[in-house]
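S.K.: Once you've had a glance at the structure underneath, I'll fire off some questions.
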Amino acid sequence: MIVTRFAPSPNGPLHWGHAYSAIVAHDRARESGGRFLLRIEDIDGPRSKPELADEFRRDLAWLGLEWDEVPAQGTRLASYEAALETLDSLGVLYPCTCTRAEIAAAATRTGAEGPIYPGTCKHREVPPGTPAALRLDLDKALAITGPLTWQDAIAGTQAIDPAPLGDPVLRRKDLPASYHLAVTLDDAADGVTLVTRGLDLFHASPIHRLLQALLGLAVPQWHHHPLLLDEERRKLAKRRGSPAIADYRERGEDGRAWAEKLRTAQWPCGISIGKAHI
Ligand code: GLU
Ligand code: ZN
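Take -4 as the starting number for the sequence shown in my numbering and just add one per residue.
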């Protein structure tokens, strides 16, 4: 029995890529007689627009999906704090005061999310009270856990290679947790056995696997599905004008019929599926 989830961030309307992701997750859960969860990832402070969560629910219902909703991230801050204390007691965290610009200037390598953090603050004293993010020291963490693998339903067995990662932020300067920490803890707390999401987050899963090992959490499987792409084969994004599915819903189009089209690889106009040229 699979427990999986759709975990949208309410910082912009859902587009066809989100709809596809939700359908893949929903159908994987249903095929196994399992559960499909909706979790609103609203930790992103000022970028989060609470009213969008209701729009998301309307969109999913329009697509003919049924879900169980679990608490939004904003209600789980104490668990993030507790996990950071555990990690700190393992000695695998360090404060980082770098700005984006400093990292860009100091980095010598680029990864999936831009410049790879070169470890500037790893050996730097940060005066108490200075606003700082907390980063996970990957070398120290992997020295504790030893080599780790994870299973992707499409890509198969994956081993953690720290080289393209850089020490990830677990608590941001401005927020009590980062995406990596929150999503790992929430998936464990929600009993998720299959993490379903787009290939754009494939690079994040080794970090989550490592956190599971450090924090003694159950290890799920992953299913990273291909992305829906625009005419220029870039992943869909609201900021690039990808249409919101709410527009189709509000025009009175048949959402269940659209969902069936996505299931049978009939993509909306101008959209294709595959590997993105980011
Ligand atoms: N909240 C993330 C997003 O909207 C997805 C997180 C995940 O599925 O792991 O991109
Ligand atoms: Zn730093």
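For every residue, glycine included, the Cβ atom is placed at its ideal position computed from N, Cα and C.
Name, in chain order, the residues that DSSP records as bridge partners for Ala239.
M.R.: Here residue 239 corresponds to residue number 244 of the sequence shown, with the count starting at 1. His10.
S.K.: My output table needs one value for Trp62: the three-state DSSP class, helix, strand or coil.
M.R.: Here residue 62 refers to the residue found at position 67 of the sequence shown. Three-state result, Trp62: coil.
S.K.: Measuring only from the beta carbon, is Thr92 closer than 7 Å to any heavy atom that is part of ligand 2?
M.R.: What you label residue 92 is simply residue 97 of the sequence shown in a count that begins at 1. Answer for Thr92: yes, Cβ within range of ligand 2.
S.K.: Going by other Cβ atoms of all chains shown within 10 Å of its Cβ, with 16 needed for buried, is Ala107 buried or exposed?
M.R.: Within the sequence shown, the letter at position 112 stands for residue 107. Counting Cβ neighbours within 10 Å, Ala107 comes out exposed, since fewer than 16 surround it.
S.K.: In or out: Asp63 buried (at least 16 other Cβ within 10 Å) or exposed?
M.R.: Sequence index remark: in the sequence shown, residue 63 carries index 68 (1-based). Exposed is the call here.
S.K.: On a Cα-Cα basis, can you pick out the residue from Val19, Phe31, Ala14 that is closest to Asp182?
M.R.: As a first step, residue 182 is located in the sequence shown; it is residue number 187 there, counting from the start. Of the candidates Val19, Phe31, Ala14, the one whose C-alpha sits nearest the C-alpha of Asp182 is Phe31.
S.K.: Leaving out the 5 sequence neighbours to the left and right, which residues in its chain are closer than 7 Å to Ala99 when beta-carbon positions are compared?
M.R.: Translated into positions along the sequence shown, residue 99 becomes position 104. Closer than 7 Å at Cβ, skipping near neighbours: Pro110.
S.K.: In this structure, how does DSSP classify Asp147 when only helix, strand and coil are distinguished?
M.R.: For this step, residue 147 is matched to residue 152 along the sequence shown. Three-state DSSP puts Asp147 in a strand.
S.K.: Out of curiosity, what's the CA-to-CA distance linking Phe51 and Leu9?
M.R.: Locating residue 51 in the sequence shown gives position 56, where the first residue counts as 1. Locating residue 9 in the sequence shown gives position 14, where the first residue counts as 1. Using only the alpha carbons, I get a separation of about 7 Å.
S.K.: Can you list, in chain order, the residues of its chain whose CB lies under 8 Å from that of Asp185, leaving out five sequence neighbours each side?
M.R.: For the purposes of this step, residue 185 is identified with residue 190 of the sequence shown, where counting begins at 1. Cβ neighbours of Asp185 beyond the five flanking positions: Val(-2), Arg0, Leu32, Arg34, Val65.
S.K.: Within 7 Å: the Cβ of Thr125 and any heavy atom of ligand 2?
M.R.: For this step, residue 125 is matched to residue 130 along the sequence shown. No, ligand 2 has no heavy atom inside 7 Å of this Cβ.
S.K.: Note down, in chain order, each residue of its chain lying with its Cβ closer than 7 Å to the Cβ of Leu199, except the 5 sequence neighbours on either side.
M.R.: Numbered from 1 along the sequence shown, position 204 holds the residue referred to as residue 199. For the sequence presented, residue 199 should be read as Ala rather than Leu. If we look at Ala199 and ignore the five residues flanking it on each side, its Cβ neighbours are His175.
S.K.: Taking only three categories from DSSP, how would you classify Lys233?
M.R.: Counted from its first residue, the sequence shown places residue 233 at position 238. Note: Lys233 maps to helix in three-state DSSP.
S.K.: Do the region 211 to 228 and the region 14 to 24 make contact, defined as three or more Cβ pairs closer than 8 Å?
M.R.: Segments in contact, yes.
S.K.: Compute the Euclidean distance between the alpha carbons of Glu226 and Leu85, then round it to the nearest angstrom.
M.R.: Sequence index remark: in the sequence shown, residue 226 carries index 231 (1-based). Sequence index remark: in the sequence shown, residue 85 carries index 90 (1-based). Taking the straight line from one Cα to the other gives about 48 Å.
S.K.: State the start and end residues of the unbroken beta strand (DSSP E) segment that holds His220.
M.R.: Position 225 of the sequence shown holds residue 220. First-last of the beta strand (DSSP E) with His220: 216 to 220.
S.K.: Would you say Ala127 and Val121 are within 8 Å of each other, going by their C-beta atoms?
M.R.: Taking the sequence shown and counting its residues from 1, the one referred to as residue 127 is at position 132. Taking the sequence shown and counting its residues from 1, the one referred to as residue 121 is at position 126. Yes. Within cutoff.
S.K.: Grab me the residues of Ala279's own chain with a C-beta within less than 6 Å of its C-beta, minus the 5 sequence neighbours each way, in chain order.
M.R.: There is simply no residue 279 to check, as the chain begins at -4 and stops at 273 in what is shown.
S.K.: In whole angstroms, what is the alpha-carbon distance linking Ala213 and Ala177?
M.R.: Within the sequence shown, the letter at position 218 stands for residue 213. Within the sequence shown, the letter at position 182 stands for residue 177. Computed Cα separation, rounded: 15 Å.
S.K.: From Ile273 to Lys230, what does the alpha carbon distance come to, in whole angstroms?
M.R.: Locating residue 273 in the sequence shown gives position 278, where the first residue counts as 1. Locating residue 230 in the sequence shown gives position 235, where the first residue counts as 1. For Ile273, the predicted structure reports a pLDDT of 48, less than 50, and the residue's modelled location is therefore unreliable. The matter cannot be settled from this model.
S.K.: Which residue comes first and which comes last in the alpha helix (DSSP H) that contains Ile202?
M.R.: Residue mapping note: residue 202 aligns to position 207 of the sequence shown, counting from 1. Note, Ile202: alpha helix (DSSP H), 200 to 210.
S.K.: Are Asp54 and Arg244 touching if we call contact CB-CB under 8 Å?
M.R.: Start at 1 with the first residue of the sequence shown, and residue 54 comes out as number 59. Start at 1 with the first residue of the sequence shown, and residue 244 comes out as number 249. In this structure, Arg244 lies closer than 8 Å to Asp54 by Cβ.
S.K.: Should the region 39 to 47 be regarded as contacting the region 18 to 27, the criterion being three or more beta carbon pairs within less than 8 Å?
M.R.: No: fewer than three Cβ pairs fall under 8 Å.
S.K.: Distance, Cα to Cα, Tyr75 vs Ser173?
M.R.: As a position in the sequence shown, residue 75 is number 80, starting the count at 1. As a position in the sequence shown, residue 173 is number 178, starting the count at 1. Cα-Cα distance, rounded: 9 Å.
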